[in-house]
Amino acid sequence: EKENIKVFEDFIAVELIVEDGRCLGAWVFDEKRRKIIPFIARVVFLATGGGAQVYLHSTNPSIATGDGISIAWRAGALIANLEFVQFHPTSVYSREKRERKFLISGAERGEGAVLLNLSGERFMEKYDERKELAPRDVVARAIDKELKERGEEYVLLDLSPVGEKKIKEKFPNIYRHLLENYGIDITRNPIPVVPAAHYLCGGVKTDVNGRTSIRGLYAAGEVACTGVHGANRLASNSLLEALVFSDRAARDALEFDEPVPLGVRLRFREGKESIERIVLVHMRERIKKTMCDLVGIVRNDYRLSRALRILRLLNEEISEMFSRVPVSRDTIELRSLSDLAYLITLCASMRKESRGLHYNTDHPEPRKEWERETVIG
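For the sequence shown, the numbering used here puts the final residue at 377, and the numbers step up evenly by one.
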């Protein structure tokens with residue numbers, strides 16, 4: 001709303017312009033005119049959010065494809081802690097509404113809702129004495145194990161112990177939303193739920209002032225990794241990233257007074273070969289499926305090494321394709337998802353222990369030597 005700020009809608013960043021370790025702007029795709037144009041700037045901010053769409057089940061909007069992490073990594077910025085992906089244990093399962101999962105908070109379980117498998121049996125007591133009141137990551141792992149062992153696609157969240165009156169009083173929005181959008185009356189029927197990727201605790205490595213390893217490039221919000229979340233984000237602490245560290249970054253950027261050098265070399269080659277959209281869709285689904293099956297809530301060395309082989313090959317294939325075909329939203333997001341999937345898997349493969357959101361059955365305990373960040377250059 002400020003007069004000195006110009007907003008460019010339907011523009012997508014493609015690559016950062018970096019020379020001699022300094023970020024000088026970005027190549028940006030104008031969706032309406034189908035053109036790639038350079039934006040030159042003294043300071044560049046990444047505020048692109050997370051990338052939980054890299055998984056089959058996600059609570060994030062469809063645009064959360066890790067674009068900022070992807071372009072920063074390709075430009076040479078340090079990336080940290082991407083193995084720590086937070087999964088919310090209870091999102092509504094639906095084959096029809098796959099793009100973004102509706103979140104069922106833990107408050108319902110706090111009021112007495114229970115988790116059942118498809119045989120109608122409570123199962124949380126097998127995994128933790130606190131049952132449904134265990135922490136999010138414990139509940140998510142338990143559901144994941146139950147689904148894999150039984151070969152089922154979802155479990156059931158039963159609110160009947162809460163009582164009809166209390167459900168309508170305490171959870172009116174959830175009651176109304178599920179009735180209107182899914183045809184589920186939660187006072188009478190259980191909710192099909194599945195764990196869904198929710199938040200990336202890692203990202204582009206920054207200091208507490210939002211500075212990345214590239215001069216003139218700042219990052220703030222979920223795209224950044226300040227280290228504030230450690231190995232497992234506490235509820236609402238994402239506000240620190242979005243409000244506190246973004247404010248610090250903005251103030252620090254005002255002090256960055258290196259002028260943009262003259263004679264910046266600008267060259268961007270775009271491919272001309274055509275590609276069918278269905279090919280891009282299939283590649284996108286393959287990435288999501290690989291991440292869900294091999295780099296999900298519960299990991300092991302074999303799954304991670306297999307995923308790394310698959311994703312490395314896919315990443316090379318997608319990079320080559322990107323250089324041959326015209327740039328579009330679909331190709332940009334596909335490349336971002338491919339990069340992000342590879343980086344998450346690489347970080348997870350490096351950490352030979354279990355800590356916070358990263359759980360590896362071959363290394364089930366935390367290890368002293370891993371009380372540090374996982375950094376990829």
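Don't be surprised by glycine CBs; every beta carbon is placed ideally from N, CA and C.
One thing to note: residue 84 has its Cβ within 7 angstroms of the Cβ of residue 356.
Counting only residues of its own chain and dropping the five nearest sequence neighbours on each side, residue 264 has a CB closer than 6 angstroms to the CB of 24. By alpha-carbon distance to residue 202, the top candidate from 182, 209, 225 and 187 is 225. Spatial neighbours of residue 361 in its own chain (CB-CB distance under 6 angstroms, excluding positions within 5 residues in sequence) are listed in chain order as 300.
Taking 7 angstroms as the cut-off, the beta carbon of residue 82 is found closer than this to the beta carbon of residue 347. By the C-beta criterion, the region 153-160 is judged not to be in contact with the region 246-261, since fewer than 3 inter-stretch pairs fall below 8 angstroms.
Uninterrupted alpha helix (DSSP H) stretches at least 4 residues long and entirely within the region 144-218 occur at 164-170 and 172-182, given in chain order. By the Cβ test, the region 167-181 is not in contact with the region 43-63, since fewer than three Cβ pairs between them sit closer than 8 angstroms.
Three or more beta-carbon pairs separated by less than 8 angstroms are not found between the region 226-240 and the region 11-19, which leaves the two stretches without contact. Between the region 68-82 and the region 122-141, the count of C-beta pairs closer than 8 angstroms stays below three; the two stretches do not touch. The Cβ atoms of residue 94 and residue 197 lie no closer than 7 angstroms to each other.
Taking the C-beta atoms as reference points, residue 270 is found nearer than 7 angstroms to residue 327.
In the three-state reduction of the DSSP assignment, residue 317 falls in the helix class, which pools H, G and I.
Distances from the CA of residue 27 to each of 332, 365 and 351 were compared; the closest alpha carbon is that of 332. Linking residue 258 to residue 7 through their CA atoms gives a straight-line distance of about 24 angstroms.
According to the DSSP assignment, residue 282 belongs to no beta strand (DSSP E) but to the alpha helix (DSSP H) extending over 277-294.
For residue 287, the CB contacts under 7 angstroms within the same chain, skipping 5 residues up- and downstream, are 54, 314, 337, 338 and 341 in chain order.
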